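Visitor:
2 protein chains.
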Amino acid sequence: MQRYFLEESLSDYQTQPIEIEGEQYHHMVRVMRMKEGETVFLVLPKGPSFIAEIKGIESDKVICKWLYDEEQTKELPVEVAIVSGLPKGDKLELIVQKGTELGASEFIPFAATYSISKWEPKKVSKKIQRLEKIALEAAEQSHRTQVPVISTVLSLTELIVKSRSYDVCLVAYEESAKQNEGSQFATALKKLKPGEKVLLVFGPEGGLSEKEVTKLSEAGFVLCALGPRILRTETAPLYALSAISYQLELNH
Amino acid sequence: MQRYFLEESLSDYQTQPIEIEGEQYHHMVRVMRMKEGETVFLVLPKGPSFIAEIKGIESDKVICKWLYDEEQTKELPVEVAIVSGLPKGDKLELIVQKGTELGASEFIPFAATYSISKWEPKKVSKKIQRLEKIALEAAEQSHRTQVPVISTVLSLTELIVKSRSYDVCLVAYEESAKQNEGSQFATALKKLKPGEKVLLVFGPEGGLSEKEVTKLSEAGFVLCALGPRILRTETAPLYALSAISYQLELNH
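Chains as they are written, first to last, in our numbering: chain A, 1 to 252; chain B, 253 to 504.
Now the structure itself:
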């Protein structure tokens with residue numbers, strides 16, 4: 001069933017008609033060719049999500065009626081922010097698409113020392129808009145009830161300041177893999193409590209610089225390995241999110 | 253350090269000079285412009301892997317000398333075969349590349365009922381060759397000591413026959429997610445013993461047909477969910493491999 005994220009909160013969505021306009025109207029009527037009587041998933045800005053029936057189609061809006069709330073929670077029990085040292089090409093798009101499917105709450109591009117890719121100031125808002133669109137589509141496709149937030153690109157200092165509002169801050173560090181420090185990651189995951197906020201930092205293709213690792217470590221970030229194999233910059237966040245889901249959602 | 257998979261077994265690799273010819277010679281000398289005295293990782297067909305020093309460069313071969321074996325194991329403690337219902341476009345390439353990084357031993361394309369993509373018989377060997385090349389490059393990049401095997405495309409009947417040589421056979425099934433059967437997957441992983449062989453089946457974009465699920469289930473495959481979110485056909489195997497690595501390599 002198609003899923004749409006509504007932009008406005010509706011306190012009386014269970015009783016009042018729900019009007020859908022603009023792009024979503026266009027998608028429902030022109031792209032999906034939906035008819036009266038069909039059902040869709042609608043998601044309110046801060047949840048919940050519910051099944052609604054199309055009651056009427058007008059020239060510029062669709063009128064829906066609430067049927068019942070979706071019961072099963074689709075969101076990870078913790079909020080996970082993925083910090084990606086700016087990677088080359090369109091790898092950040094892959095990270096956002098797959099990371100959204102896997103439950104991330106936030107993506108933070110990070111101008112790392114070894115990032116070959118740079119975000120020119122005048123292109124930042126376009127890049128963020130494009131990533132927001134990818135996150136929205138992936139959230140719809142994977143039946144999520146939250147769309148991850150895309151942050152602007154941060155410097156190391158800004159990242160460290162931002163990290164203070166998270167409960168657990170981890171750095172995926174290749175050298176830790178060589179020292180068999182995988183258990184740090186498992187130890188951190190097992191301590192997580194529902195509702196906590198986790199920040200995970202990944203380097204770009206060339207990895208993090210020693211200075212970056214030292215500064216993050218001094219700021220309280222825990223260095224950890226994600227198994228003995230060397231994962232590419234776009235694969236490591238997907239490993240981490242999958243492991244978090246496995247540990248918190250499946251491994252009761 | 254660059255990593256090369258040797259094609260021949262060498263029982264006396266620790267004492268005798270090792271000659272590298274052909275494509276790997278070309279890569280070392282022409283692409284990487286390696287010189288005498290530099291070191292490389294060399295991997296024998298069934299392991300072990302070791303560090304070797306370049307002792308001489310001739311017109312058609314490089315002569316290397318063993319320095320020491322690589323100590324840390326890079327391979328998952330179980331063998332994991334990923335069965336992919338033939339997906340659209342180049343998604344199988346992404347599955348093979350990322351799945352190799354994440355430790356898979358084997359990739360088995362599967363002609364599923366809802367596979368829109370078909371492999372024409374005359375193109376099969378070319379497609380396998382291309383996937384083998386992707387697996388080799390990803391194995392080198394992720395520092396593995398085994399290159400995953402790419403199988404030819406199998407029918408449902410062939411898949412069921414093949415499954416008899418595996419210890420544990422699982423099917424990722426979206427309907428199981430709706431019924432919260434995530435714990436089946438965790439239960440199966442926790443029972444795994446080192447050296448066991450696991451077969452994991454994933455449907456194409458349209459999922460598996462009811463008939464396929466019934467037949468696999470009758471053949472002893474266990475249906476399981478990979479968390480509450482709906483994962484794309486190329487994301488689900490990466491989730492499963494990450495969870496296996498987390499459970500067996502990190503979560504001691």
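We put the beta carbon where it would ideally sit given N, CA and C, even for glycine.
None of these values were measured; they are calculated from a predicted model.
So which of B:462, B:274 and B:320 has the shortest CA-CA distance to residue 313 of chain B?
Guide: Locating residue 313 of chain B in the second sequence gives position 61, where the first residue counts as 1. Closest option to residue 313 of chain B, Cα to Cα, is B:274.
Visitor: If we define contact as Cβ-Cβ less than 8 Å, is residue 50 of chain A a contact residue for chain B?
Guide: Looking up residue 50 of chain A in the first sequence gives position 50. False, the Cβ-Cβ gap to chain B never drops below 8 Å.
Visitor: Report the three-state DSSP secondary structure of residue 466 of chain B (helix, strand or coil).
Guide: Numbered from its first residue, the second sequence carries residue 466 of chain B at position 214. Residue state, collapsed to three classes: helix.
Visitor: Kindly give me the distance between the Cβ atoms of residue 281 of chain B and residue 309 of chain B, rounded to whole angstroms, as I take these residues to be in contact under 8 Å.
Guide: Your numbering for residue 281 of chain B matches position 29 in the second sequence. Your numbering for residue 309 of chain B matches position 57 in the second sequence. So it is a contact: roughly 6 Å between Cβ atoms.
Visitor: Let me make sure I understand the geometry here. Which of A:106, A:153 and A:94 has the alpha-carbon closest to that of residue 121 of chain A?
Guide: Translated into positions along the first sequence, residue 121 of chain A becomes position 121. It is A:153.
Visitor: Can the beta-carbon of residue 254 of chain A be found less than 8 Å from the beta-carbon of residue 96 of chain A?
Guide: Within the shown structure, residues of chain A are numbered from 1 to 252, placing residue 254 of chain A beyond reach of any answer.
Visitor: Just to confirm before moving on: does the CB-CB distance between residue 367 of chain B and residue 338 of chain B stay below 8 Å?
Guide: Walking along the second sequence from the start, residue 367 of chain B turns up at place 115. Walking along the second sequence from the start, residue 338 of chain B turns up at place 86. Closer than 8 Å, so yes.
Visitor: Would you call the segment 185-197 of chain A and the segment 75-92 of chain A touching, i.e. three or more CB-CB distances under 8 Å?
Guide: Touching, yes.
Visitor: Taking beta-carbon pairs under 7 Å, can you tell me which members of the segment 184-204 of chain A lie near chain B?
Guide: Listed by position, the residues of the segment 184-204 of chain A near chain B (Cβ gap below 7 Å) are 185 and 186.
Visitor: Would you mind reading off the limits of the beta strand (DSSP E) that contains residue 366 of chain B?
Guide: Here the question's residue 366 of chain B lines up with position 114 in the second sequence. Counting along the chain, residue 366 of chain B falls outside any beta strand (DSSP E), and DSSP gives it neither H nor E.
Visitor: Could you compute how far the alpha carbon of residue 246 of chain A sits from the alpha carbon of residue 435 of chain B?
Guide: Translated into positions along the first sequence, residue 246 of chain A becomes position 246. Translated into positions along the second sequence, residue 435 of chain B becomes position 183. If you take the alpha carbons of residue 246 of chain A and residue 435 of chain B, they lie about 9 Å apart.
Visitor: Closest by CA to residue 258 of chain B, which one among B:317, B:455 and B:298?
Guide: The residue labelled residue 258 of chain B in the question sits at position 6 within the second sequence. For residue 258 of chain B, the nearest C-alpha among the options comes from B:298.
Visitor: For a cutoff of 8 Å on Cβ pairs, would you count residue 400 of chain B as touching chain A?
Guide: Translated into positions along the second sequence, residue 400 of chain B becomes position 148. Cβ-Cβ to chain A under 8 Å: no for residue 400 of chain B.
Visitor: Need the endpoints of the beta strand (DSSP E) that residue 65 of chain A sits in, please.
Guide: Here residue 65 of chain A corresponds to residue number 65 of the first sequence, with the count starting at 1. Segment 62-69, the beta strand (DSSP E) holding residue 65 of chain A.
Visitor: Just to confirm the assignment, what range does the alpha helix (DSSP H) spanning residue 94 of chain A have?
Guide: For the purposes of this step, residue 94 of chain A is taken as residue 94 along the first sequence, with counting starting at 1. Residues 91-101.
Visitor: So with CB distances below 8 Å, who are the chain B contacts of residue 235 of chain A?
Guide: For the purposes of this step, residue 235 of chain A is taken as residue 235 along the first sequence, with counting starting at 1. Going along chain B in sequence order, the residues near residue 235 of chain A (Cβ under 8 Å) are 350, 353, 354 and 490.
Visitor: Could you tell me whether the segment 488-498 of chain B touches the segment 225-239 of chain A, using the rule of 3 or more Cβ pairs below 8 Å?
Guide: They touch, by the three-pair rule.
Visitor: Leaving out the 5 sequence neighbours to the left and right, which residues in its chain are closer than 8 Å to residue 209 of chain A when beta-carbon positions are compared?
Guide: Taking the first residue of the first sequence as position 1, residue 209 of chain A is located at position 209. These residues qualify, in order along the chain: 112, 113 and 114.
Visitor: How about the segment 184-194 of chain A and the segment 133-148 of chain A: do they share at least three Cβ pairs that are nearer than 8 Å?
Guide: Too few Cβ pairs lie closer than 8 Å, so no.
Visitor: Can residue 19 of chain A and residue 54 of chain A be called in contact, C-beta distance under 8 Å?
Guide: As a position in the first sequence, residue 19 of chain A is number 19, starting the count at 1. As a position in the first sequence, residue 54 of chain A is number 54, starting the count at 1. Result no, Cβ atoms of residue 19 of chain A and residue 54 of chain A do not sit closer than 8 Å.
Visitor: Give me the Cα-Cα distance between residue 437 of chain B and residue 266 of chain B, rounded to the nearest whole angstrom.
Guide: As a first step, residue 437 of chain B is located in the second sequence; it is residue number 185 there, counting from the start. As a first step, residue 266 of chain B is located in the second sequence; it is residue number 14 there, counting from the start. Between residue 437 of chain B and residue 266 of chain B, the C-alpha separation is close to 42 Å.
Visitor: Going by Cα to Cα distance, which pick from B:486, B:420 and B:354 is closest to residue 472 of chain B?
Guide: Working through the second sequence from its first residue, we reach residue 472 of chain B at position 220. Nearest C-alpha to residue 472 of chain B: B:420.
Visitor: Quick one: Cα of residue 216 of chain A to Cα of residue 163 of chain A, how far?
Guide: For the purposes of this step, residue 216 of chain A is taken as residue 216 along the first sequence, with counting starting at 1. For the purposes of this step, residue 163 of chain A is taken as residue 163 along the first sequence, with counting starting at 1. Taking the straight line joining both Cα atoms gives about 10 Å.
Visitor: Consult DSSP for residue 356 of chain B and reduce its assignment to one of helix, strand or coil.
Guide: To locate residue 356 of chain B, count along the second sequence from 1; it is residue 104. Coil.
Visitor: With DSSP as the reference, identify every bridge partner of residue 453 of chain B, one or two as the case may be.
Guide: Residue mapping note: residue 453 of chain B aligns to position 201 of the second sequence, counting from 1. Paired residues: B:335 and B:423.
Visitor: CB residue 205 of chain A to CB residue 35 of chain A, shorter than 8 Å?
Guide: As a working note, residue 205 of chain A is residue 205 in the first sequence. As a working note, residue 35 of chain A is residue 35 in the first sequence. Taking 8 Å as the Cβ cut-off, residue 205 of chain A and residue 35 of chain A do not qualify as a contacting pair.
Visitor: Check this for me: beta carbons of residue 223 of chain A and residue 166 of chain A, under 8 Å apart or not?
Guide: Position 223 of the first sequence holds residue 223 of chain A. Position 166 of the first sequence holds residue 166 of chain A. No, the Cβ-Cβ distance between residue 223 of chain A and residue 166 of chain A is not below 8 Å.
Visitor: Taking 8 Å as the CB-CB limit, is residue 74 of chain A close to chain B?
Guide: Looking up residue 74 of chain A in the first sequence gives position 74. Interface residue, yes.
Visitor: Output, in chain order, the set of chain B residues within a Cβ distance shorter than 9 Å of residue 81 of chain A.
Guide: As a working mapping, residue 81 of chain A is identified with position 81 in the first sequence. Residues of chain B passing the Cβ test: none, with the nearest at roughly 17 Å.
Visitor: What separation, rounded to the nearest whole angstrom, lies between the Cα atoms of residue 410 of chain B and residue 4 of chain A?
Guide: Within the second sequence, the letter at position 158 stands for residue 410 of chain B. Within the first sequence, the letter at position 4 stands for residue 4 of chain A. Between residue 410 of chain B and residue 4 of chain A, the C-alpha separation is close to 41 Å.
Visitor: Could you list the residues in the segment 162-176 of chain A with a C-beta less than 7 Å from some C-beta on chain B, going in chain order?
Guide: The residues in question: there are none.
Visitor: Check the Cβ of residue 344 of chain B against every Cβ in chain A and list those closer than 9 Å, keeping chain order.
Guide: Translated into the one-based positions of the second sequence, residue 344 of chain B becomes position 92. Here the premise fails: no neighbours, minimum Cβ distance about 16 Å.
Visitor: Using 8 Å for Cβ pairs, my map puts residue 295 of chain B next to residue 301 of chain B. What's the rounded Cβ distance?
Guide: For this step, residue 295 of chain B is matched to residue 43 along the second sequence. For this step, residue 301 of chain B is matched to residue 49 along the second sequence. About 4 Å; that satisfies the 8 Å criterion.
Visitor: Quick one: is residue 103 of chain A buried, meaning 16 or more other Cβ sit within 10 Å of its Cβ, or exposed?
Guide: Taking the first residue of the first sequence as position 1, residue 103 of chain A is located at position 103. Label assigned to residue 103 of chain A: buried.
Visitor: So, residue 77 of chain A versus residue 107 of chain A, is the Cβ gap smaller than 8 Å?
Guide: Translated into the one-based positions of the first sequence, residue 77 of chain A becomes position 77. Translated into the one-based positions of the first sequence, residue 107 of chain A becomes position 107. No; because the gap between Cβ atoms is not below 8 Å, this pair is not in contact.
Visitor: Check the DSSP bridge columns for residue 255 of chain B and list the partner residues they point to.
Guide: By 1-based counting over the second sequence, the position of residue 255 of chain B is 3. Answer by DSSP bridge pairing, in chain order: B:293.
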